[in-house]
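In my numbering, the protein residues as written are 113 to 446.
Think of the CB as a built atom: it goes at the ideal place given N, C-alpha and C, for glycine as much as any other residue.
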């Protein structure tokens, strides 16, 4: 149970997560569940990339879904390497020349790039689909695939700039490990690291808050649009092929947005807790609870990365056709 200091009512003085609970959570989440989910994300999104390449990327929606699959696949690859390295180091399969804590920090910094790329892509996809619902006649003229790509690249390049500013503050130095009797590489920050890290954390929080709120609003708009189109379809016996395709795209974006909102709700809760309890951080009095929360957030991110293949397959007839055609092609050409 959380206990509070009477002089500072928002400051927690005892961590409810024990070392044993943190170790168990690390084994179950990081080493078992997250490793499996990371491998699943790589396989699923590789299939997505092949299917969308077969469908063609002449349309903006296919282009954006392809980019989303690429970013989710990269995140899965990085997490697979990270989890595999930590498991191997824990089991003593190899003697690492890179300090495990530095290895994890480096992996977390690199994996945040495709993670936030996926956040930006999901947000842009939801906004563009809302725009197409409100002003359908202007979408093809105003939002060509190239312009959509430019909209995606702008916030992504800004985030890359902030991340690079922090990344280049880190250096590698040799640290002698007296237990293993050899030197290990350790990440060493420069003097400006703390200030730049705070700026990057602010950028991440702002991006997450904005993306979560935007996608949630777009989700409501798209649900209302889908409900309206369903009523119109019920009154009219025959619907054109374009209308049916638009409804399929709306359903796909709704499912992608709903999964995004669901998987990022815990991240919003953690951000709120960090505001309520300043000690809820990596090196604070609630450090163990914060580490456990980060593991859970990583699990949710991997679930989000894995689930898109189910969304595409269930809501798009064109995707299903290309998906089955891919495996039929493999059977005919063994």
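Beta-carbon spacing of residue i, residue j below 7 Å
i, j, result
"residue 366", "residue 334", "yes"
"residue 167", "residue 176", "no"
"residue 141", "residue 394", "no"
"residue 412", "residue 375", "yes"
"residue 230", "residue 276", "no"
"residue 179", "residue 233", "yes"
"residue 324", "residue 380", "yes"
"residue 404", "residue 137", "yes"
"residue 281", "residue 315", "no"
"residue 195", "residue 153", "no"
"residue 416", "residue 359", "no"
"residue 369", "residue 332", "no"
"residue 364", "residue 429", "no"
"residue 146", "residue 414", "yes"
"residue 245", "residue 337", "yes"
"residue 418", "residue 156", "yes"
"residue 217", "residue 299", "yes"
"residue 236", "residue 193", "no"
"residue 226", "residue 172", "no"
"residue 143", "residue 199", "yes"
"residue 357", "residue 134", "no"
"residue 228", "residue 271", "yes"
"residue 201", "residue 181", "no"
Limits of the alpha helix (DSSP H) - the one that residue i falls within
i, result
"residue 163", "146-167"
"residue 184", "172-203"
"residue 131", "131-137"
"residue 265", "257-279"
Any non-hydrogen atom of the ligand MN within 6 Å of residue i CB
i, result
"residue 361", "The ligand content of the structure shown is nil, which means the ligand MN is not present either."
Opposing strand residues paired with residue i [DSSP bridges]
i, result
"residue 298", "285"
Inset, instruction - May I ask you to verify whether the stretch 186-197 touches the stretch 126-140, counting CB pairs closer than 8 Å and requiring at least 3? - result: Taking 8 Å as the limit for Cβ pairs, the verdict is that the stretch 126-140 does not touch the stretch 186-197.
Legend entry - Inside the stretch 374-414 only - alpha helix (DSSP H) runs reaching at least 4 residues: Segments of the alpha helix (DSSP H) lying fully in the stretch 374-414: there are none.
Inset, instruction - Answer yes if the stretch 151-168 comes into contact with the stretch 425-440, meaning at least three C-beta pairs across the two stretches below 8 Å, and no otherwise. - result: Enough Cβ pairs lie closer than 8 Å, so yes.
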